[in-house]
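Numbering (my numbering), first residue to last: 339 to 721.
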């Protein structure tokens, strides 16, 4: 039941007329308490959508009572009227729940520059409130889909408490955070400060390592709400581990649904001087269109990997690099090694391992291949 699996939460997903298909396009998730602790991370893009600008103020006190989300339009670069629409939506939710609008996070996703009809959104809020249910998580997950082919949900069980979640995203997947809207819920008792620490630790190793196409969204938002309804206070380590598991599961679902992808690629860098340098090297490969096109063509072209490594500031000896693809060490000491013909790239899952031989740190970044379908989908998206 996704976001409604933990005790203390209601959710709904309804059609508000934002999508021409008539599908569900507005979701509402409500924390019934008894506690309302929350934490949120947003896109690092300096060009932020109106809902992000609003929600950044909402989350400052660590209290969030509800999250309202719409697909069908990003409400980004729509002028003062767009911000007023975001505010009006928060007020509409707050009025139904008897709370302050400053406790309502607002999220939108869709085309930039598209003004969402305010009357549709407000009517959608009315319908969503009327439809709120303890089993409404799946409807909510479907309502936030854009180019997603499937809804993304997760449940992680703790010792008498749980975490539930939903996510959307299938393109513009790049760090901080990947183009996503994510709502996570828990019935554990977790103060807001601890939620913030856990969420930042979890996203650092999951959503921030997802780099499908190097394009950073204007609307990314990941929110976690704690109802405390279980009455159980897990240790910070246990909660962080569970939250990281939930975020990792959702991140891999996002990757598998990346627009038009044929392969999911895990790029792991070993023996780096620092974790940040390992991430830098892995990300440089993940963002190489030449490398991604080669994987699409089932071509284990390790030269494109080395060329990408060389664009970074990481510490390594250019004459002493090792590269493996799907377990076959095609390059040793920066020279040809095992026969690339032994690399089977037909399966969807592809692993690339890079040994920098410079230190003790490692990191993995996930990406996908560059396909004809990706180009077609993104060239035709606005229509």
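Yeah, the Cβ is synthetic: ideal placement off N, Cα and C, and Gly gets one too.
Short Cβ contact (8 Å threshold) for residue 592 with residue 694
no
For residue 473, is the classification buried or exposed, using 16 other Cβ atoms within 10 angstroms of its Cβ as the cut-off for buried?
exposed
Would you list the one or two residues that DSSP bridges to residue 300?
Any property of residue 300 remains undetermined from this structure, which presents the chain solely from 339 to 721.
Quick test of your reading: residue 496 and residue 520, contact by CB under 8 Å. State the CB separation rounded to the nearest angstrom.
Residue 496 to residue 520, Cβ: 19 Å. No contact.
Which class does residue 698 belong to by DSSP, given the choice of helix, strand or coil?
coil
Could you pull out every unbroken beta strand (DSSP E) segment of at least 3 residues lying fully inside the region 354-420, listed in chain order?
364-369, 375-380, 404-408
Which of helix, strand or coil does DSSP assign to residue 693?
strand
To the nearest angstrom, how far is the alpha carbon of residue 358 from that of residue 409?
11 Å
Using the C-alpha atoms, what's the distance from residue 682 back to residue 676?
13 Å
Considering only their Cβ atoms, is the gap separating residue 529 from residue 375 smaller than 8 Å?
yes
Cβ-Cβ distance between residue 565 and residue 370 below 8 Å
yes
Which runs of the alpha helix (DSSP H), 4 residues or longer, sit entirely within the region 436-471?
456-469
Just grab the DSSP bridge partners of residue 349 for me.
367, 471
Buried or exposed: residue 399, going by 16 or more other Cβ atoms within 10 Å of its Cβ?
exposed
Along the chain, where does the alpha helix (DSSP H) that runs through residue 641 open and close?
640-647
Secondary structure at residue 585, three-state DSSP: helix, strand or coil?
helix
Would you call the CB atoms of residue 402 and residue 571 closer than 8 Å?
no
Got a sec? Which residues, its chain only, sit under 7 Å from residue 616 by beta carbon, not counting five neighbours each side?
607, 610, 699, 700, 701
Using the Cβ count rule (16 or more neighbours within 10 Å means buried), how would you classify residue 707?
buried
Between the C-alpha atoms of residue 441 and residue 366, what's the straight-line distance to the nearest angstrom?
13 Å
Give every residue of the same chain whose Cβ lies closer than 6 Å to the Cβ of residue 480, excluding the five residues on either side of it in the sequence, and list them in chain order.
351, 362, 489
Can you tell me whether DSSP reads residue 611 as helix, strand or coil?
coil
Whole angstroms are fine: how far does the CA of residue 348 sit from the CA of residue 448?
25 Å
Segment contact, 8 Å Cβ cut-off, at least three pairs: the region 411-426 with the region 385-394
yes
Would you mind stating whether residue 377 and residue 537 have Cβ atoms separated by less than 8 Å?
yes
Does the Cβ of residue 430 have 16 or more other Cβ atoms within 10 Å, making it buried, or fewer, making it exposed?
buried
For the pair the region 619-633 and the region 645-659, tell me if three or more CB-CB distances fall below 8 Å.
yes
Between the Cα of residue 452 and the Cα atoms of 552, 423, 697, which residue gives the shortest distance?
423
If you reduce the DSSP assignment to three classes, tell me which class residue 549 lands in.
coil
One question on the structure: do residue 691 and residue 598 come within less than 8 Å of each other, judged by their Cβ atoms?
no
Where the alpha helix (DSSP H) through residue 530 begins and ends
530-543
Taking Cβ to Cβ, would you say residue 703 is nearer than 8 Å to residue 621?
yes
Going by beta carbon distance, what residues of the same chain come within less than 6 Å of residue 711, once the five residues before and after it are set aside?
598
Going along the chain, which residues of its own chain have a beta-carbon closer than 7 Å to the beta-carbon of residue 594, five neighbours each way excluded?
602
Check whether the Cβ atoms of residue 364 and residue 459 lie closer than 8 Å to each other.
yes
Assuming residue 633 and residue 713 make a contact with CB atoms under 8 Å, what is their CB distance in whole Å?
Wrong, their Cβ atoms sit about 15 Å apart, outside the cutoff.
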